Amino acid sequence: MTMPDDSLLSIEGLTVSYGAVEAVRGIDLTVRRGEIVTLLGANGAGKSSTLNALVGLAPRKAKRMVFAGTDLTGLPPETIVRRGMTLVPEGRRVFSSLTVEENLMLGGAKHAARGNPAQVKADMLERFPILAERLHQKAGSLSGGEQQMLAIGRALMSSPDLLLLDEPSLGLAPQVVDRIFDLIGNLRDRGLTILLVEQNVAQSLEIADRGYVLANGRVELQGSAEALRSSPEIQDAYLGA
Amino acid sequence: MDIFLQQLLNALSLGGTYALLALGLAVVFSIIGLINFAHGELMTVTGYAVCFALIWGLPFPLAVIAGLAVAMTAAFLMERVAFRPVRGASGTTLLLTSFAVSAILRVLFQNLISARPIPVAIPASLSGVVTIGPLHLGMIQLISIIVTLAMLLGLNLFLHRTMAGRAMRAAAEDFAVLRLMGLRANSVVATAFAISGLLAGVAGVLWVAQRGSVDPLMGALPVLKAFIAAIIGGLGSLSGAVAGGFLLGFIEVILQAYLPESLLPYRDAFAILLVIAVLLFRPQGLLARKTLVKL
Numbered sequence: 075m076t077m078p079d080d081s082l083l084s085i086e087g088l089t090v091s092y093g094a095v096e097a098v099r100g101i102d103l104t105v106r107r108g109e110i111v112t113l114l115g116a117n118g119a120g121k122s123s124t125l126n127a128l129v130g131l132a133p134r135k136a137k138r139m140v141f142a143g144t145d146l147t148g149l150p151p152e153t154i155v156r157r158g159m160t161l162v163p164e165g166r167r168v169f170s171s172l173t174v175e176e177n178l179m180l181g182g183a184k185h186a187a188r189g190n191p192a193q194v195k196a197d198m199l200e201r202f203p204i205l206a207e208r209l210h211q212k213a214g215s216l217s218g219g220e221q222q223m224l225a226i227g228r229a230l231m232s233s234p235d236l237l238l239l240d241e242p243s244l245g246l247a248p249q250v251v252d253r254i255f256d257l258i259g260n261l262r263d264r265g266l267t268i269l270l271v272e273q274n275v276a277q278s279l280e281i282a283d284r285g286y287v288l289a290n291g292r293v294e295l296q297g298s299a300e301a302l303r304s305s306p307e308i309q310d311a312y313l314g315a
Numbered sequence: 557m558d559i560f561l562q563q564l565l566n567a568l569s570l571g572g573t574y575a576l577l578a579l580g581l582a583v584v585f586s587i588i589g590l591i592n593f594a595h596g597e598l599m600t601v602t603g604y605a606v607c608f609a610l611i612w613g614l615p616f617p618l619a620v621i622a623g624l625a626v627a628m629t630a631a632f633l634m635e636r637v638a639f640r641p642v643r644g645a646s647g648t649t650l651l652l653t654s655f656a657v658s659a660i661l662r663v664l665f666q667n668l669i670s671a672r673p674i675p676v677a678i679p680a681s682l683s684g685v686v687t688i689g690p691l692h693l694g695m696i697q698l699i700s701i702i703v704t705l706a707m708l709l710g711l712n713l714f715l716h717r718t719m720a721g722r723a724m725r726a727a728a729e730d731f732a733v734l735r736l737m738g739l740r741a742n743s744v745v746a747t748a749f750a751i752s753g754l755l756a757g758v759a760g761v762l763w764v765a766q767r768g769s770v771d772p773l774m775g776a777l778p779v780l781k782a783f784i785a786a787i788i789g790g791l792g793s794l795s796g797a798v799a800g801g802f803l804l805g806f807i808e809v810i811l812q813a814y815l816p817e818s819l820l821p822y823r824d825a826f827a828i829l830l831v832i833a834v835l836l837f838r839p840q841g842l843l844a845r846k847t848l849v850k851l
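Chains as they are written, first to last, in this note's numbering: chain W, 75 to 315; chain G, 557 to 851.
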């Protein structure tokens with residue numbers, strides 16, 4: 075086991091309730107620097123709710139919720155993002171009536187006061203050449219895969235330490251899915267820490283270091299990606315072996 | 557033909573004021589889903605501010621600037637005091653809150669200022685008539701058309717060329733995701749209210765300049781018209797609000813000009829009838845939310 079010190083995100087007893095409905099019922103979760111951690115589970119298991127709760131977009135309670143030494147309790151999303159954790163939401167949710175460039179500019183809004191947003195943007199366009207070609211197009215006119223690239227690029231503009239990705243492969247053609255997974259691997263190689271929610275269990279476990287399996291708002295199973303891949307539960311339920 | 561052109565200019569002037577007001581409603585609605593019925597009181601407060609500034613001896617241009625500053629401050633305070641505590645509540649709660657703010661302000665105007673209209677000393681230079689070829693146009697109407705166009709252009713530039721403007725367009729599309737950009741929800745909403753206050757202020761100055769007086773209920777009727785205009789255009793769509801404002805102004809002026817005299821008292825009824833006809837064919841409004849915030 076690694077020392078608790080290198081954990082970037084550490085959550086104990088997280089619950090998320092929408093009125094009387096409890097979507098997440100007390101989960102513990104740790105993400106260490108430089109890891110890709112994946113959250114797996116069926117529809118409605120509480121994966122998206124967990125991510126939304128972490129960035130403060132879903133109503134949440136927790137015994138302990140610490141990111142990079144900061145207690146997240148009660149912090150609004152904008153503050154959490156400024157501290158270095160951001161979310162690429164499910165369904166991409168690019169600002170479709172704004173241009174690609176404007177989407178990226180807003181993503182870097184946190185830097186506008188200091189730093190050099192132009193540099194970050196140049197960096198981003200080098201990483202996503204397709205976006206450079208489409209800079210002045212409306213984001214809504216991009217294909218699904220391009221929109222996902224834009225959503226990820228927009229999130230990266232805030233230069234996060236921890237990136238939460240909610241179903242980045244949803245609704246994309248298989249070749250595009252491969253490119254998205256390549257990208258996620260690349261981002262990790264450049265030092266980004268990633269918490270990934272996916273329904274594509276096989277590919278997630280291939281790039282992830284560790285994983286958690288959620289069911290009915292609880293952690294049902296956790297371990298290294300390797301151990302999860304070979305566990306009979308995962309084999310039966312998701313990998314269809 | 558000249559008469560028609562003349563009426564067209566009248567329609568531009570009246571419709572422009574409706575458009576500014578409808579735009580103010582739409583800017584706020586598109587972001588927090590609130591139909592601010594206290595928007596009319598922002599007009600009224602502008603009128604009083606201009607009125608008292610003139611009484612205190614400020615020159616007219618300074619009085620106008622004071623009026624606009626008061627309108628923006630009032631809008632900002634309205635959000636801070638009344639609407640922020642209920643942000644995210646149901647549409648009904650928001651609507652009732654705005655009715656309450658409106659009612660409280662009217663009562664305050666009546667009791668602290670006067671229930672009667674107070675005359676506003678509009679400079680004589682503004683009451684002249686400009687003759688362009690065969691057309692006679694009131695100076696104030698001309699100014700009102702120019703000011704409206706300048707405001708629309710200015711707002712368009714603001715929305716497309718500044719970060720705050722881009723943030724507002726993004727907020728109208730997806731407020732939650734905008735917060736993920738690290739932009740403070742409160743500042744975006746406050747900006748929206750300040751802009752809606754400015755728009756109401758400009759409309760208020762134009763309205764007062766044409767009427768020459770201000771009373772506690774001054775804003776009630778125009779804001780109701782603006783609400784209708786915003787609905788015609790498609791609630792929440794900024795370009796729709798502008799289109800709806802001009803269309804309503806046009807309908808009213810044309811009816812005023814061409815209805816037989818015996819039917820004139822029913823002018824507003826006919827106007828509303830035409831609005832209903834528009835909505836029967838375009839229930840979403842002329843420019844529904846898809847084209848949001850393009851001006």
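Glycine included, every Cβ here is placed at the ideal spot set by N, Cα and C. Please read all numbers here as calculations on a predicted model, not as lab measurements.
Beta-bridge partners of Asp145 (chain W) (DSSP): W:Val140. Taking a C-beta distance under 8 Å as the contact criterion, Thr104 (chain W) and Ser81 (chain W) qualify as a contact pair. Counting C-beta pairs closer than 8 Å gives fewer than three between the region 153–161 of chain W and the region 244–264 of chain W, which falls short of the contact rule.
Judged by their CB atoms, Met634 (chain G) and Val657 (chain G) are nearer to each other than the 8 Å cut-off. In the DSSP annotation of this structure, Gln812 (chain G) is not part of any beta strand (DSSP E); the continuous alpha helix (DSSP H) holding it starts and ends at Leu794 to Tyr814. Remark: fewer than three beta-carbon pairs, one from each stretch, lie closer than 8 Å, so the region 694–708 of chain G and the region 634–651 of chain G are not flagged as touching. At a beta-carbon threshold of 8 Å, the residues of chain W lying near Asp730 (chain G) are Arg167 and Phe169, ordered along the chain.
Gln840 (chain G) counts as exposed, since fewer than 16 other C-beta atoms from the protein chains shown sit within 10 angstroms of its C-beta. Per DSSP, the continuous alpha helix (DSSP H) segment holding Met179 (chain W) begins and ends at Val174 to Gly181.
For Pro242 (chain W), there are no neighbours in chain G by C-beta distance under 8 Å, as the nearest C-beta there is about 15 Å away.
Contact check for Phe255 (chain W) against Gly227 (chain W) fails: the beta carbons are separated by 8 Å or more. Take the alpha-carbon of Arg636 (chain G) and the one of Val686 (chain G): they are about 43 Å apart. Across the region 736–748 of chain G, CB contacts with chain W closer than 8 Å involve Leu736, Met737, Gly738, Leu739, Arg740 and Ala741, in sequence order along the chain.
Ala833 (chain G) and Arg823 (chain G) have their C-alpha atoms roughly 15 Å apart. Taking C-beta atoms as the reference points, Ser233 (chain W) and Leu114 (chain W) fail to come closer than 8 Å.
Take the alpha-carbon of His716 (chain G) and the one of Leu161 (chain W): they are about 25 Å apart.
Annotation: the region 668–724 of chain G contains the following complete segments of the alpha helix (DSSP H) (minimum length 4 residues), in chain order: 695–717. Annotation for Gly219 (chain W): no beta strand (DSSP E) segment contains it, though the alpha helix (DSSP H) segment containing it runs Gly218 to Leu230.
Residues of chain W with a Cβ closer than 8 Å to the Cβ of Arg838 (chain G) do not exist, since the nearest Cβ in that chain sits about 20 Å away. Each residue's CA atom was taken as its position, placing Ala750 (chain G) and Arg166 (chain W) some 31 Å apart. Counted as a single uninterrupted DSSP element, the stretch harbouring Leu618 (chain G) is not any beta strand (DSSP E) but the alpha helix (DSSP H) occupying residues Phe616 to Met634. The beta strand (DSSP E) runs lying completely inside the region 77–135 of chain W and spanning 3 residues or more are 81–92, 95–106 and 110–115, given in chain order. Residue contact check for Ala759 (chain G) against chain W: no CB pair falls below 8 Å. When beta bridges are read from the DSSP output, Lys212 (chain W) appears opposite W:Thr173.
Of G:Ala609, G:Leu762 and G:Leu650, the smallest CA-CA separation from Leu698 (chain G) is found for G:Leu762. When beta bridges are read from the DSSP output, Val770 (chain G) appears opposite G:Ile674. From the listed residues G:Arg735, G:Ile828, G:Ala748 and G:Asp771, the smallest Cα separation to Leu780 (chain G) is found for G:Ile828. Leaving aside the five residues that flank Ile807 (chain G) on each side, the residues in its chain whose CB is nearer than 7 Å to its CB run, in chain order, Ala827 and Leu830. In the assembly as shown, Val95 (chain W) is an exposed residue. Its beta-carbon has fewer than 16 other beta-carbons within 10 Å.
Proximity to Ile204 (chain W) across W:Leu224, W:Lys212, W:Ala192 and W:Leu295 peaks at W:Leu224, based on C-alpha coordinates.
For Val744 (chain G), the CB contacts under 6 Å within the same chain, skipping 5 residues up- and downstream, are Ala723 and Ala727 in chain order. Along the region 691–722 of chain G, the positions whose C-beta sits under 9 Å from a C-beta of chain W are His716, Met719 and Arg722, read in chain order. When the beta-carbon positions are compared, Phe585 (chain G) and Gly789 (chain G) stay at least 8 Å from each other. For Gln666 (chain G), same chain residues with a beta-carbon under 8 Å away, outside a window of 5 residues either side, are Pro772 in chain order. Between Ala756 (chain G) and Thr602 (chain G), the CB-CB gap stays under 8 Å.
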